[in-house]
Amino acid sequence: MKLRFVTENVGKLEEARTVLSPLGIEVVHHSLALVEPVEGGIEDVCLEKLRQVRRTGLNRVMVDDAGLFLKAYPGFPGVLTKRIFDQIGYRGFMKLLSGESRQAWLEGTVAVLWDGKVRCFTGRTHGSIIEADPERLRPEPGFPFNPVFVPEGEERVLSELSPEKRLEHSYRRKALEQLAAWLKERTGRNDGEPAD
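Take 9 as the starting number for the sequence shown in the working numbering and just add one per residue.
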């Protein structure tokens, strides 16, 4: 079965393919300029993106959104993670967390439109933000918190983990696996057609 993924983030696209391909779902990239909402929760942002996609007439399509959440600042930065990071960088985040709880989580939602049905699936990865010299940190394209986020149960940051270990801790993987289970239940088989 094929599923379009509207994203401009190559890392997200590759992760979706890695997770869904073994489950019989071919992820096809679809480029579409979307207006990024700046209000609401991550699920709200996904649903708004999906509304924009739906207006184009696409079907069997998914979008996603994700953010970092800090225990010390409830709800922050959340859907504004990229914008806030672009403004204050690692230096600003280290300053914000000085003397505060460093507990955090990464949360992502995948929203799908499948034959008129809309569903959202969410995954979380709990962990903490390390103390680090902002001048020595280099963000990974599309994943700026990988060099400072340590998942629960690990001693190293995401950027130091093997691809397999990263996937094991991935909030997106958790959401995508929920999506795959829903699609399989909905279609009754792996070709994407409704069950008889």
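Backbone N, C-alpha and C define an ideal beta-carbon position, used for all residues, glycine too.
All figures in this text were calculated on a predicted structure; none of them were measured in a lab.
Residues sharing a beta bridge with residue i, DSSP
i: M70; result: F13 and V120
i: K125; result: W122
i: H134; result: W113
i: E148; result: F151
Buried or exposed by the 16-neighbour rule on C-beta atoms within 10 Å, applied to residue i
i: P159; result: buried
i: P171; result: exposed
i: E56; result: buried
i: T64; result: exposed
i: E139; result: exposed
i: V14; result: buried
i: V18; result: exposed
i: A112; result: buried
i: E143; result: exposed
i: A203; result: Bear in mind that the predicted position of A203 carries a pLDDT of just 42, short of 50, making it too unreliable to give a figure here.
i: P82; result: exposed
i: D199; result: Per-residue confidence for D199 stands at a pLDDT of 49, beneath the threshold of 50, marking its modelled position as unreliable; no derived number is given.
i: V74; result: Per the sequence shown, residue 74 should be read as Ala rather than Val. When all chains shown are included, A74 counts as buried.
i: K103; result: exposed
Beta-carbon proximity of residue i to residue j, cut-off 8 Å
i: T117; j: D72; result: yes
i: L114; j: L58; result: no
i: F157; j: I137; result: yes
i: S106; j: K79; result: no
i: V120; j: L187; result: yes
i: E47; j: M9; result: no
i: N154; j: E148; result: yes
Cβ-heavy atom distance, residue i to the ligand COA, below 7 Å
i: T195; result: The ligand COA is absent from the structure shown, which contains no ligands of any kind.
> Are there three or more Cβ pairs, one per stretch, closer than 8 Å when the stretch 38-46 is compared with the stretch 20-30?
Replying inline: Segments in contact, no.
>> My parser needs the beta strand (DSSP E) runs of 3 or more residues fully inside the stretch 155-194; what are they?
In response: Runs of beta strand (DSSP E) with 3 or more residues, each lying fully within the stretch 155-194, are found at 157-159, listed in chain order.
>> If we require 3 or more residues per run, which beta strand (DSSP E) segments fall completely within the stretch 34-96?
In response: Taking only runs of at least 3 residues, the beta strand (DSSP E) segments lying wholly in the stretch 34-96 are 34-38, 69-78 and 81-85.
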